[in-house]
Structures are given as structure tokens and as C-alpha cells.
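As you go down the protein sequences, you meet chains A and B in turn. Taking my numbering, the leading residue of the first sequence gets 1, the next gets one more, and so forth. Taking my numbering, the leading residue of the second sequence gets 1, the next gets one more, and so forth. Quick reminder that beta carbons are idealized off the backbone N, C-alpha and C, glycines included. Owing to the predicted nature of the structure, the values given are computational and were not obtained by experimental measurement. Working notes, beginning with the structure itself.
2 protein chains.
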Amino acid sequence: MRTIELRGKSVVLIDQTRLPRELRLVRCRSAEELAKAIECMQIRGAPALAAAAAMALAVTALRSKAGGRAQMLRELEAAAARLRRTRPTGVNLFVGLKRVLRVARSARDVREIRAAVVREAKHIADEDVEANRRMGKHGARLLKKGDIVLTHCNTGALATVDYGTALGVVRAARRQGKRIRVIATETRPFLQGARLTAWELKREGIPVIVITDSMVGHVMAQDEVDVVLVGADRIAANGDVANKIGTYSIAVLAKEHRVPFYVVAPTSTIDLSVRSGREIPIEQRNASEVEFIGRTRVVPKGVRVLNPAFDITPARLVTSIVTERGVVKPSELKSLFKR
Amino acid sequence: MRTIELRGKSVVLIDQTRLPRELRLVRCRSAEELAKAIECMQIRGAPALAAAAAMALAVTALRSKAGGRAQMLRELEAAAARLRRTRPTGVNLFVGLKRVLRVARSARDVREIRAAVVREAKHIADEDVEANRRMGKHGARLLKKGDIVLTHCNTGALATVDYGTALGVVRAARRQGKRIRVIATETRPFLQGARLTAWELKREGIPVIVITDSMVGHVMAQDEVDVVLVGADRIAANGDVANKIGTYSIAVLAKEHRVPFYVVAPTSTIDLSVRSGREIPIEQRNASEVEFIGRTRVVPKGVRVLNPAFDITPARLVTSIVTERGVVKPSELKSLFKR
């Protein structure tokens with residue numbers, strides 16, 4: 001199945017907090033339930049959250065008892081407002097909501113709204129998969145046979161509706177027979193690399209080695225990394241990239257070792273309304289994610305921790321950005337939208 | 001109490017695998033028991049291991065039933081051989097063994113050997129504390145009032161017999177009223193930063209914030225780090241530094257942000273017989289340290305992981321090395337021994 005699907009009047013998604021221990025599905029029957037699933041990261045990944053937000057509005061429309069157009073629009077706006085409060089950094093969630101609300105507003109009555117919202121939500125999901133396959137095709141050209149790709153966090157099928165962004169590029173290159181291997185950082189605190197990336201790649205028979213985040217410099221110094229591929233949660237107009245905490249450190253290390261650093265993300269991740277990375281809000285998550293691993297407390301009680309979920313990689317450290325419309329330098333982002 | 005003490009015919013040490021949950025002591029009655037305690041990191045930290053190895057020989061001598069000098073020397077050599085197989089990277093353990101064996105060989109009979117070995121083991125422990133206090137004094141001059149120090153792993157009382165190397169410098173500066181604050185990396189996989197450094201500093205009322213290793217670049221980019229202070233497990237003649245995995249990444253990030261990067265270590269950590277970092281053996285530890293955190297499996301079964309315990313920071317990234325004999329550039333190491 002896909003990471004997230006609209007089934008009947010519900011959204012069904014893979015519970016990513018349970019992996020790799022068990023593959024369990026969660027059913028969300030309302031925007032509120034989906035908002036909570038997003039907040040506790042049962043579903044995560046910027047592109048997946050666009051679909052999740054859109055489907056949350058579809059569920060809202062499908063279950064609404066609104067007597068008229070205005071009432072239903074109010075319900076959708078309220079649901080969207082709730083969803084906007086879940087996670088501030090990734091832009092795709094906001095884009096997904098915007099698209100669905102626009103088609104809703106263009107519809108003439110309750111029935112039309114319902115149909116339009118569902119259609120748009122499904123469309124966003126399908127588009128995501130299609131964009132990932134195109135990114136895979138464009139990005140695979142950047143990889144040579146036998147390359148070892150270092151990646152951070154999870155950018156695979158689980159971070160999207162299916163296929164993946166950076167891992168989609170690995171998949172596409174493998175299908176071309178390029179024998180790519182992957183080094184996955186474990187990605188503290190939430191361990192998306194160890195738990196999710198390793199799980200996905202192992203299921204598919206793609207060779208993967210997990211390292212702690214602290215080992216990146218060491219493996220690069222040993223000449224074990226040919227390329228870095230990461231995803232993005234938001235890209236500013238100047239090419240600065242917000243992505244999972246730790247990405248910036250990896251980018252600096254890649255520069256030091258002259259390893260190309262590619263960001264793989266759909267154009268919906270590019271936010272031209274934001275001039276530079278400084279304007280991107282960085283989500284601060286709950287301290288408990290750092291203080292505990294599973295049920296084990298690893299930081300003494302009463303000691304303060306930081307837990308920014310993202311950091312900003314300045315455009316100067318980004319070799320190229322791979323989108324579904326092609327590969328561009330971070331300084332050439334705007335060219336993607338001139339057509 | 002100190003981290004490790006010779007009590008009667010046993011060595012008593014703080015079990016560092018239990019912290020911060022509980023402060024529990026372990027009693028070792030033989031070199032074999034101490035070797036195991038070192039291997040499973042109930043005691044760790046290069047300077048502490050010099051004392052641990054020396055005390056292991058003291059216990060061997062105290063409990064020996066050898067009838068003559070030759071027999072006792074053979075027993076000590078066998079114990080030393082076992083201890084040398086515990087951990088290959090840190091040089092202090094080897095230095096400790098060498099010193100104790102030398103005094104043993106100079107002694108004339110069993111009684112003299114016993115007395116000399118015990119005396120030397122105690123001397124090594126006392127010297128370590130004294131060296132740490134001197135490093136604290138020299139190093140504190142490098143810190144300004146209000147500085148935020150980023151440190152990695154644990155270099156405090158627990159990594160030494162008492163007081164600490166890099167954390168000793170923080171302690172000394174605090175006592176001068178300099179109001180130093182500390183950012184401690186959690187230090188995966190063994191979490192010495194989160195578990196041990198935070199515990200030590202909290203007990204002493206020194207302000208500390210714990211971050212994941214992946215956050216180092218981010219906090220430096222936010223201008224939140226004034227100085228990096230780390231310890232060392234072995235320093236080559238050319239100034240290359242072997243230290244806890246992740247140190248090299250931090251050194252590269254410090255260079256990128258023009259943050260001074262100081263290594264604090266006693267001269268016994270300097271190994272002039274090793275020309276450069278390339279000749280220092282890097283210990284590869286058990287995969288389970290990365291695969292599990294507490295009892296929680298975080299990497300799917302069957303996925304390979306790497307677990308090098310140390311990395312090499314080239315001399316060019318080291319601003320200065322703080323020793324008990326003074327502060328020197330990594331290129332001037334040899335000057336420390338010309339007197």
C-alpha cells in the first residue's frame with residue numbers, strides 16, 4: 001500500500017512510530033485525528049504531509065452534515081486552521097491545504113464541494129508519486145555505477161505518498177543497474193534513518209549501512225561517501241534549504257570533503273514567498289524526544305535539552321536541487337517557474 | 001569518592017553503565033574482572049583507564065600466591081597482556097601498564113614487587129588528579145566570562161580519576177567566577193554526554209544543555225558556541241588527535257564557524273612513537289551499541305551498522321592542546337618533552 005490513502009470516509013496510514021518493530025495501520029476519521037497523527041509523527045515527511053492535510057479536508061467534507069455551501073466552507077476552514085497548527089516548518093502541508101480550499105471555494109454547492117475536495121486530495125497524492133518518479137529519473141543521472149550515497153532522515157516511500165524523493169533517486173538509479181549503496185544516518189532524536197530508511201531499503205534489497213549521526217565526518221574522511229542526497233521541508237527563494245536537524249552539519253562536512261550535496265524535493269517544497277532560510281520558522285519539538293529513547297531515560301531529570309526539528313543549509317553548500325521539472329543550481333530556482 | 005579507587009585488595013569503581021539512573025559501585029578482585037569492566041565500559045575515559053590498568057596489576061600483586069620474584073613477574077605480565085587486549089585506541093592504559101611493570105621489574109623480591117606496584121598504581125591515580133588540576137589552571141585562561149563551551153563525550157571526573165580534563169577546565173574557570181555554561185552533545189552510541197557529562201555538571205550546579213550530535217552545526221550557526229573543549233584518547237607526534245567518534249565532525253564545524261577548538265589532555269596521552277593519526281588503531285565496538293538503545297531495537301534486524309568508537313581529528317583543525325605542562329600548538333608538541 002501507499003504510505004497514506006483515502007479509503008471510504010477515512011484516511012488510512014502506516015504508523016511510523018511503530019516501525020521497524022511492526023507494520024501497523026492507523027485509521028483517522030476526522031481532521032482532528034489526522035492532526036494528532038501528524039503531531040506525534042505517526043505520519044511525517046514534508047511531501048506526505050501535503051497529502052495528509054488534503055485528505056484530512058476530504059474526510060471533513062465527506063463526513064460533514066453541513067446544510068449549505070457556506071457552512072461547509074466554514075467547517076473546511078476550521079479543519080485547515082487546526083492542521084496549520086501541527087507543524088510549522090515544512091511548506092507542503094500549507095500548499096496542500098491551500099489547493100484543496102481553493103477548489104472548495106470554486107464549487108457551487110455542498111455536493112460539488114465534496115466531490116471537488118475529494119478529487120483534489122486524490123490528485124495531490126497521485127501527483128506526488130508522479131513527481132517522485134520524475135525526480136528519480138532526473139536525479140539518477142547524477143549517480144555513477146557503484147556510488148555510495150549518504151542520506152539523512154527518511155526521504156523514501158514513507159516520507160511521501162510513495163517512492164520517495166532522495167531515496168526515489170536511489171531507487172531509480174538501482175533500476176538502471178547502477179548498484180548504488182546507501183549509508184543512512186540514524187537521525188536522532190526520532191531515528192527516522194535507523195528505523196524507517198533502513199527498513200525500507202532492506203525490504204527492497206538495497207544495501208544499506210546505518211551509522212550514528214556523529215560518524216558522518218569519519219566515513220567521509222575514509223573516502224566512503226561519493227554523494228550526499230537529502231530531502232527538504234522548505235526551500236527559500238534564495239536556495240536555502242530547511243531540512244531535518246543535522247542536514248546542515250552534513251552539508252558542511254560534504255564541502256570539506258568535496259562531496260556533492262544534492263537536495264531532492266518537488267517544486268511544491270519551494271516557497272518563493274520566503275526570501276531566505278532565516279525567515280523559515282524552525283519547529284521546536286518536545287524535550288522528551290531527546291530525554292528518552294523508547295522508555296529509557298538518557299538525560300538526567302532536570303537537565304535542559306534542545307530539540308529543534310530542522311536546521312537551515314545555506315544555498316552556497318547545495319550543489320544542485322533535483323525537482324520533478326529538472327535539476328537546477330540553488331541560485332536558479334526561479335527558472336523552474338518560468339514556463 | 002573518586003571514579004576508581006584501590007581499597008584493600010580490590011578496585012572499587014563507579015559503574016558508568018548505570019548512570020544517570022543509579023550511582024552504583026562495582027568491586028573488582030582480579031585483573032580479569034577489571035578487564036571485563038573496561039570492555040563493557042563500566043569504567044571508560046583514557047586517563048581513568050591508566051589508573052584502572054595500574055590498579056589491576058596492584059590487585060594481581062596483592063592477591064598473588066607466587067613463591068618467587070620470577071613467578072610474580074610472570075603473573076603481572078599475563079595480567080598486563082590481558083588488559084592490553086581490552087581497548088586499543090587510548091594510549092594511557094598502555095602507559096599505565098608500562099610504568100607499573102617497570103617498577104615491578106626493578107624490585108628484588110615478592111614483597112618489594114608488591115609494595116612497588118601498589119605504590120606506583122596509587123601514584124598514577126594521584127598524578128592524574130594533579131595533572132587535571134594543572135590543565136584546569138592553564139586551560140581556564142583560554143575562557144572568557146560568560147563563554148558557552150561545547151563539549152563532546154565525557155571528559156569529567158568520570159573519565160579520569162577525579163576532576164576531569166576538558167570539564168576540569170570548565171570547573172577551574174567557574175571557580176574563577178567566569179560563569180561558563182556548557183552545551184553537551186549526547187554522544188551516540190554510548191551517550192556519555194547525555195548520561196555522564198550532564199549528570200556531573202548538574203550535581204555541581206554548572207549550567208548545561210544537552211543536544212543531539214546532529215545539532216552541533218545548528219547551534220554554531222546560531223552563534224551559541226564560543227569555544228569547543230574536548231579530551232583525547234591518543235595524540236600522535238604530528239598533533240593529530242584520536243578522540244570519541246564525532247569529534248572530527250565537530251572540529252570541521254568549528255573551523256567553518258571560526259570557533260576555537262581546544263583539546264585538553266595530559267602529556268601521557270601524547271604518543272610520540274606514532275607519527276600521525278593514520279597509525280592510531282581505531283577500536284570497532286559491538287554493533288549492538290548502535291542497534292539497541294536500552295532494550296529498544298532501533299535498527300531493523302539484518303541491517304549492517306558501523307561502530308567505530310573513535311575518529312581522528314587532523315592537527316590543522318586543533319587550535320591548541322592544553323596539557324598539565326602548559327598550552328601548545330599541535331605542531332609544538334615535542335617542546336613539552338624537552339626539559
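| Item | Value |
| --- | --- |
| Amino acids of chain B, ordered along the chain, whose beta-carbon sits closer than 8 Å to that of A:T296 | I293, G294, R295 and T296 |
| Buried or exposed (CB count within 10 angstroms, at least 16 for buried), B:E75 | buried |
| Residues that B:I211 contacts on chain A, provided the C-beta gap is smaller than 8 Å | V290, V305 and L306 |
| Opposing strand residues paired with B:T185 [DSSP bridges] | B:I211 |
| Inter-stretch contact (C-beta, 8 Å, three-pair minimum) for the region 315 to 324 of chain A and the region 205 to 217 of chain A | no |
| Cβ-based burial, A:M340 [other Cβ within 10 Å; buried from 16] | A question about residue 340 of chain A goes unanswered here, because the residues of chain A that appear run from 1 up to 339. |
| Cβ shell of B:K202 (< 7 Å), same chain only, five flanking positions each side left out | V208 |
| Listed by chain order, chain B residues near A:E283 by CB distance under 8 Å | Simply none; closest approach about 13 Å. |
| Neighbour list for B:G302 in chain A, Cβ cutoff strictly below 8 Å | K202 |
| Local conformation of B:I312 per DSSP, three classes | strand |
| Exposure label - B:Q16; buried when at least 16 CB within 10 Å | buried |
| Contacts of A:D311 in chain B (Cβ-Cβ under 8 Å) | M215, G217, H218 and A221 |
| Within chain B, partners of A:V299 - CB distance below 8 Å | P20, E186, A194, R195, A198 and V210 |
| Beta-carbon proximity check, B:V252 vs B:V318, cutoff 8 Å | no |
| Span of the alpha helix (DSSP H) around A:K244 | From DSSP, A:K244 is part of no alpha helix (DSSP H) but of the beta strand (DSSP E) over V241 to K244. |
| Chain-order list of residues whose beta-carbon lies under 8 Å from that of A:L97 (same chain, five-residue window excluded) | A53, A54, L57, A80, L83 and R84 |
| Cβ neighbour criterion (16 or more within 10 Å) applied to A:A358 | Outside the shown range of chain A (1 to 339) lies residue 358 of chain A, about which nothing can therefore be said. |
| Status (buried if at least 16 other CB within 10 Å, exposed otherwise) for A:D240 | buried |
| Where B:Y262 falls: helix, strand or coil (DSSP) | strand |
| Unbroken beta strand (DSSP E) run spanning A:S30, endpoints | No beta strand (DSSP E) contains A:S30, which DSSP labels as neither H nor E. |
| A:R7 - containing beta strand (DSSP E), residue span | I4 to R7 |
| Sequence-distant residues of its chain with Cβ nearer than 7 Å to B:G146 (five each side left out) | R179 |
| Three-state secondary structure assigned by DSSP to A:I43 | coil |
| Anticipated Cβ contact below 8 Å, B:A194 with A:V298, distance rounded | 5 Å |
| Reference B:G45; option with closest CA among B:M220, B:I113, B:F261 and B:P266 | B:P266 |
| Cβ separation of B:A61 and B:V118, assumed to be a contact under 8 Å, to the nearest whole Å | 7 Å |
| Three-way DSSP call (helix, strand, coil) for A:L191 in this model | coil |
| Within-8 Å CB hit, B:I245 to chain A | yes |
| Neighbourhood of A:A254 by C-beta distance below 6 Å, restricted to the same chain and skipping five residues each side | V228 and F261 |
| A:S335 - DSSP class collapsed to helix/strand/coil | helix |
| Cβ pair A:L167, A:E200 closer than 8 Å | yes |
| Residues that A:S249 contacts on chain B, provided the C-beta gap is smaller than 7 Å | S214, V216, G217, S249 and L253 |
| Reference B:I38, options B:T86, B:G67, B:V274 and B:L19, closest by Cα | B:T86 |
| Close Cβ partners of B:C153 (< 8 Å) along its chain, the five nearest in sequence each way excluded | A159, T185, T187, Q192, G193, T197, V230, G231, N243, K244, G246 and T247 |
| Assumed close pair B:A125, B:V161 - CB separation to whole angstroms, cut-off 8 Å | 5 Å |
| For B:T296, the residue or residues it bridges with in DSSP | B:I293 |
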